[in-house]
Structures are given as C-alpha cells and as structure tokens.
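Right, one structure below, let's go through it.
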Amino acid sequence: MRKTVFSDKAPPPIGPYSQAVQAGPFLFVSGQIPINPLRDELIMKPFADAVRQVMANLRAVLTAGGMDFEHLVKVTVYLKNMKDFQEFNSIYATYFPGEKPARAVVEVSQLPKGCEIEIEGTAYRA
92 MRKTVFSDKA PPPIGPYSQA VQAGPFLFVS GQIPINPLRD ELIMKPFADA VRQVMANLRA
152 VLTAGGMDFE HLVKVTVYLK NMKDFQEFNS IYATYFPGEK PARAVVEVSQ LPKGCEIEIE
212 GTAYRA
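Using the numbering used here, the letters of the sequence shown map in sequence onto residues 92 to 217.
Structure (structure tokens):
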C-alpha cells in the first residue's frame, strides 16, 4: 500500500515531491523548512522561531498521516551552520520527552529558500 499524504497546515511542496508518502506502516516525511503556511512567510530569525516552525510543520504532516512525534523512528536534520547545534538541540529535546528517534544532524552549505534548517523524518505505526 502506498499513499500520498498532504496537510494544509504545513507549507505545500515547492517542487515535484509530496509532503509525505505512506508505505505500509511507514510514513516518509519530506524535508520541512521554516515556512509559516498561514502567512506563506519564511521564518529566518530568530533561529529558535525557525526551529519551532519546522517542528510545527513536521507535526502537521505527521498528523495528516495519523501519526505524531512518538511514531518517528529516524530523523535527519540539515543545519546551515553547526554553530546552531546547541540551540537546536535544546529546542528539539522538548518535543521528545519519552523515547527519542534515531537522528543524524548534518551541516550543509545551502538549503531551499536560503533557510537555516530543514528536517525530514520516517515514522512507523505497527
């Protein structure tokens, strides 16, 4: 079973991809950047607000797929500057008070629309 998942509470795709694809018990969520979908506004500063917007977008797509943060099994975080890691990590931790997903954090030279952070994830529901 394969199904495209879409949430109007997250920014629409800015290219030829889906917000998420459900394949069996897995939900593969495309990278979310800090766009506020209500105002179609890119949140650049402060960095903490950008992180929170990305997490809100990620949650919206997970919810559209019938899941939430506790279903995430793997997350990949792309940071434009690894100097933001500590601030990112302290905010990110608040979203996972229980079991945490596996995670990679990678510094990249550029991200879509010049943003500072992008997060993608894989969720699983038995």
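Every residue gets a Cβ at the ideal spot worked out from N, C-alpha and C, and that includes glycine.
Item to check | Segments of 3+ residues assigned as beta strand (DSSP E) that fall wholly inside the stretch 115-186 | outcome: 117-123, 163-170
Item to check | Secondary structure of residue 106, DSSP reduced to three states | outcome: coil
Checklist entry - DSSP beta-bridge partners for residue 193? => result 165
Checklist entry - Helix, strand or coil: which one does DSSP assign to residue 204? => result helix
Checklist entry - Among 193, 115, 113, 127, which has the Cα closest to the Cα of residue 206? => result 127
Checklist entry - Which whole-angstrom value describes the C-beta separation of residue 113 and residue 156, a residue pair presumed to lie in contact below a C-beta threshold of 8 Å? => result 6 Å
Checklist entry - Taking the alpha-carbon positions, what's the residue 177 to residue 106 distance? => result 31 Å
Checklist entry - Less than 9 Å separating the beta-carbons of residue 111 and residue 152? => result yes
Checklist entry - Do residue 193 and residue 166 have their C-beta atoms closer together than 9 Å? => result yes
Checklist entry - Under the rule that 16 or more other beta-carbon atoms within 10 Å means buried, what is residue 169, buried or exposed? => result buried
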